[in-house]
Amino acid sequence: MIQEKNGLFHLNTKHTSYVFKLHPDGHLEHLHYGRKIHLEESDAMTEKHTFAPGNTVLYSEDNPGVSLENAALEFSSYGKGDINEPLVEIVHADGSCTCDFLYDSHQILPGRKAFTCLPGSYGTDSEVSTLLITLIDKHYALTLDLYYYVYEEDDVICRQTCLTNNSSDSVNVHRLLSSSLTLFGTDYQVTSFHGAWGREMQRHTTRLNAGKYVVSSQCGTSSSRANPLVFVTEPNADEDSGQVYGFNLVYSGNHYEAIEADSYGHTRIVTGMSPVSFCYRLEPGNFLEAPEAVMTYSHCGFTKASHHFHSFVQNHIVRGSWQYKERPILLNSWETSYFHFTESSLLRLAKKAAKAGIELFVMDDGWFGERNDDQHSLGDWTPNLSKLPHGLKGLADRINDMGMAFGIWVEPEMVNTDSKLFKEHPDWTCSIPDQPHSEGRNQRILDLCNPNVQEYIIKSMSEVFSSANISYVKWDMNRIFSDYYSPSLPSGRQGEMLYNYYIGLYSIMKTLTERFPNILFEGCAAGGNRFDLGMLCYFPQIWASDNTDAVCRLAIQDGYSYGYPMSTIGCHVSSCPNHQTLRITPFESRFNVAAFGVLGYECNLSDMKKEELEALSEQVTLYKKWRHLLQYGTFYRIRCGNIYSWNTVSADKSKSVGFFMQKLTTANWQHEIFKAKGLDEDKRYTFSGRKLKHNIKEFGDLINTVSPIHVKQDSMLHNILTKWVKLDGETEFYHVYGDTLMYSGIKLKQGFAATGYNDEVRYFQDFCSRIYFMEEEDEAQQ
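Here the working numbering is used: the first residue of the sequence shown is 114, the next is one more, and so on.
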């Protein structure tokens with residue numbers, strides 16, 4: 114709900130209020146963003162200014178008490194005394210950098226209007242309402258529109274800006290951010306998510322009470338180095354308590370989030386496109402749109418803020434036929450064969466997958482052109498008939514006959530210099546003419562600023578997607594940007610290159626997803642190098658990381674969970690030693706971690722032993738039973754560190770799946786407790802775990818303490834025994850109320866502590882995990 118009375122603007126969601134007011138001089142002062150409040154008048158909430166601080170600039174002689182540096186502004190720019198982070202930076206035709214945008218008008222509208230070039234959130238008139246504030250710099254005939262989109266049920270408010278040049282001169286825009294928020298006080302913590310390829314979304318927390326903290330990307334993508342998801346919190350905030358402000362951006366390029374504690378007791382938070390190397394020449398009569406920023410507030414800690422984001426992303430970012438549809442379990446061929454496969458080897462692999470109950474077979478890189486390594490044929494999207502003599506259709510038909518859907522890998526934004534496409538169109542890449550180019554993964558980025566390149570990608574991908582019964586597409590992007598340059602843009606407009614690149618990419622994605630609405634698209638960029646809300650506007654899920662190591666994935670998936678729902682996070686079970694870390698982890702743990710997301714496999718089923726295939730088949734069956742809950746349930750983080758614990762709960766709180774994993778064991782540590790979150794206190798549940806059996810090899814030479822004859826390790830006798838003798842694992846089964854599960858917890862069976870083992874002892878060594886099931890009992894059970 115949006116209300117305005119006498120220049121006082123009150124934006125309400127279900128549990129929050131966002132309030133600002135119009136001053137007589139035309140500036141907007143921020144008053145409150147936080148818990149929902151009643152508001153009759155603003156005097157009590159307005160900062161009092163009688164005399165301006167020393168060594169500051171007065172905006173106007175008409176109001177000698179006000180310096181913009183010492184004001185909680187809703188909007189800011191340089192030049193009139195505010196020296197803190199601005200929303201906009203412009204160089205005018207006369208060379209001046211000063212802006213003076215003041216209130217002109219406002220509108221309150223039902224629903225929200227889509228922007229022209231960039232993707233954004235969406236909703237019906239009953240789900241979202243819009244406040245449009247129009248500011249004008251009368252000295253330079255510029256108009257700045259501030260958009261506020263209020264999603265009441267999700268407790269989310271989105272922000273967006275649009276600059277229009279109404280003058281007769283062009284101006285150079287060096288910064289147009291999406292949102293600016295001023296908080297009161299300067300003692301906050303900033304939680305952000307950093308990393309690299311293979312270790313995305315590592316959570317970091319920094320205390321900020323002076324100066325500036327910046328989260329940004331210069332990769333050309335939203336990046337694995339620094340995701341645009343950021344939280345600003347009270348110092349004592351945790352999962353379940355404390356004030357938490359969350360921010361994200363609907364954009365896939367370079368981003369910028371700055372949190373600045375000023376000299377006068379305010380903290381300003383700005384978010385948007387990175388201003389580094391950005392320069393947009395705005396011609397007379399034209400406009401420039403900034404990406405949409407997303408923000409939420411919770412006074413109940415990180416968990417509630419994450420739930421706001423999850424609901425918002427699921428309901429107002431993800432769209433199309435797969436928005437709420439359960440995602441299939443897939444087998445990807447990459448770590449089995451890399452570039453080296455034949456139609457026969459793929460079919461052997463697919464036959465094993467079908468028998469195990471897997472629903473989708475994905476042929477990864479290497480199926481086109483002369484693609485036998487990463488140096489050739491990107492851009493030449495015709496099947497390699499020496500590998501696939503019956504083409505894509507022939508392979509897809511055979512896969513479909515096995516009862517599985519068929520999917521492929523593509524990387525449409527890239528080209529190898531050793532390709533037909535590059536030889537025909539060397540000017541189609543983002544590279545500086547007549548200068549050496551810094552390569553990444555032996556490939557260059559196609560110039561999506563060029564309409565001819567956009568047309569080629571749409572045409573070539575349409576031909577591929579329609580050539581066979583393709584149900585799934587993995588859309589990859591395996592390098593970051595270098596040598597920022599578009600041959601299709603004039604020299605004076607190269608500062609617009611990345612912005613126009615993403616406008617081109619979004620146009621391509623929109624066209625293809627609308628043309629092929631039933632294909633499940635999964636975004637990928639060398640893993641999580643472009644995991645953002647912009648991509649999720651078109652692709653309903655994204656590959657979280659090329660690192661499939663179960664231990665590494667704990668922190669990666671935990672990090673994503675702060676802002677992205679589980680249905681958007683691609684997770685695979687792979688072989689061991691793991692291809693990224695060479696670590697060996699239990700097969701059960703690899704599944705348990707990957708189950709908390711969109712499950713897939715990347716194992717060589719053709720080489721698996723019978724018992725491994727049986728275990729995989731059991732996992733697939735189990736996941737199908739609980740799939741909807743694991744993908745669309747309400748997700749809770751319970752513990753992190755050496756032990757990670759999660760659970761996800763159904764909307765009616767009748768079911769929950771819990772997860773518990775240990776990185777490294779502690780000697781003689783017998784006792785652990787599993788606690789759930791989000792259950793109904795008054796419901797009675799059955800709590801149960803999987804019935805596991807353990808290979809005697811896992812106990813090493815200890816087998817000789819109970820064996821009547823000596824068993825040499827890895828001998829023929831040892832190997833024979835492992836086929837026929839399994840040790841029963843512990844059984845956990847209880848009848849317990851939700852309040853007990855949440856506030857007291859289940860004291861699990863004793864962990865192995867080197868003093869004995871039987872089926873009442875929990876084998877829980879390095880990298881071990883458990884998955885637990887909680888189901889509401891009916892009256893007959895009670």
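The beta carbon of each residue, even a glycine, is placed where N, CA and C say it ideally should be.
As the structure is a computational prediction, the values presented were derived from the model and not from experiment.
- When the five nearest sequence neighbours on each side are left out, the beta carbons in the same chain lying within less than 8 Å of the beta carbon of Asp-659 are those of Trp-310, Gly-311, Ala-639, Gly-640, Gln-693, in order along the chain.
- The C-beta distance from Gly-359 to Gly-683 rounds to 23 Å, too long to meet the 8 Å contact threshold.
- Approximately 6 Å separates the beta-carbon atoms of Gly-791 and Thr-747; this is inside 8 Å, confirming the contact.
- Secondary structure remark: continuous alpha helix (DSSP H) runs of at least 4 residues inside the segment 592 to 665, in chain order: 610 to 628, 646 to 649.
- Around the beta-carbon of Val-819, fewer than 16 other beta-carbon atoms lie within 10 Å, marking it exposed.
- Straight through space, the alpha carbons of Lys-796 and Tyr-326 are spaced by roughly 45 Å.
- A direct Cα-Cα distance of roughly 7 Å separates Gln-220 from Ile-246.
- Beta-bridge partners of Phe-700 (DSSP): none assigned.
- Here Val-566 carries a helix assignment [DSSP, helix/strand/coil].
- Taking the Cβ atoms as the reference, Thr-384 lies roughly 10 Å from Glu-405, outside the contact range of under 8 Å.
- Taking the C-beta atoms as reference points, Ile-571 is found nearer than 7 Å to Thr-624.
- In the DSSP assignment, Glu-715 falls within the beta strand (DSSP E) that extends over 711 to 715.
- Here Lys-806 has Lys-839, Leu-840, Asp-841, Gly-842 as same chain residues with Cβ atoms under 8 Å from its own Cβ, once five neighbours each way along the sequence are excluded.
- Glu-889 and Asn-871 have their alpha carbons spaced roughly 30 Å apart.
- Across the set Ser-242, Ser-283, Asp-282, Thr-256, the C-alpha of Ser-242 shows the shortest separation from the C-alpha of Glu-266.
- About 3 Å separates the CB atoms of Gly-553 and Arg-592; that is less than 8 Å, so the two are in contact.
- Residue environment: Leu-290 is assigned as buried (16 or more neighbouring CB atoms within 10 Å of its CB, all protein chains considered).
- With a contact defined as Cβ atoms closer than 8 Å, Leu-718 and Ala-466 qualify at about 6 Å.
- Under DSSP, Lys-860 forms a beta bridge with Ile-786.
- Within the segment 798 to 836, the runs of beta strand (DSSP E) at least 3 residues long that lie entirely inside it are, in chain order, 806 to 808.
- Contact check for Leu-231 and Tyr-619: beta-carbon distance about 7 Å, within the 8 Å limit, so the pair qualifies.
- CA-to-CA, the gap between Pro-653 and Trp-435 works out to about 7 Å.
- Taking the Cα positions, Leu-152 is about 18 Å away from Tyr-410.
- For Cys-684, the pairing in a beta bridge is given by DSSP as Leu-712.
- Trp-759: member of the beta strand (DSSP E) spanning 756 to 762, first to last residue.
- With respect to the 7 Å criterion, Glu-198 and Arg-288 are not classified as neighbours on the basis of their beta carbons.
- With respect to the 7 Å criterion, Glu-715 and Asn-445 are classified as neighbours on the basis of their beta carbons.
- Here Ser-419 is not near His-368, since their CB atoms are 7 Å or more apart.
- Rounded to whole angstroms, the gap between the alpha carbons of Thr-274 and Trp-739 is 42 Å.
- In the structure shown, Arg-272 adopts extended strand secondary structure according to DSSP, grouped into three states.
- The three-state secondary structure of Tyr-301, taken from DSSP, is strand.
- Beta-bridge partners assigned by DSSP to Leu-124: Ile-115, Tyr-131.
- With contact defined as three or more Cβ pairs closer than 8 Å, the segment 595 to 605 and the segment 203 to 220 are not in contact.
- Going by C-alpha positions, Leu-695 is about 40 Å away from Tyr-569.
- Rounded to the nearest whole angstrom, the CA to CA distance from His-550 to Ser-544 is 6 Å.
- In this structure, Val-132 keeps its C-beta atom at 7 Å or more from the C-beta atom of His-140.
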